């Protein structure tokens, strides 16, 4: 399994294309998993795109 590597903050600030893609299985997974990061990117004028891999029709009411 590949190990994750944290990118230094100064490298993130110097990216010329400020685009991010959030790929999640369910519509609420991004909010539970990385909402703070998404909010930070949006505050820094990043273009954030969500990719939802299911249509959400099988969720429960709990």
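Numbering (the numbering used here), first residue to last: 238 to 299.
Just so you know, even glycine gets a beta-carbon here, dropped at the ideal spot from N, CA and C.
Model, not experiment: these values are computed from the prediction.
Quick test of your reading: residue 279 and residue 285, contact by CB under 8 Å. State the CB separation rounded to the nearest angstrom. 6 Å
If I measure Cβ to Cβ from residue 282 and keep anything under 7 Å in the same chain, skipping five residues before and after, which residues do I get? Taken in chain order, the residues that qualify are 255.
In this structure, does DSSP put residue 277 in helix, strand or coil? helix
Beta-carbon proximity of residue 293 to residue 267, cut-off 8 Å: no
In chain order, what residues of the same chain lie with their CB nearer than 8 Å to the CB of residue 270, ignoring the 5 residues before and after it? 261
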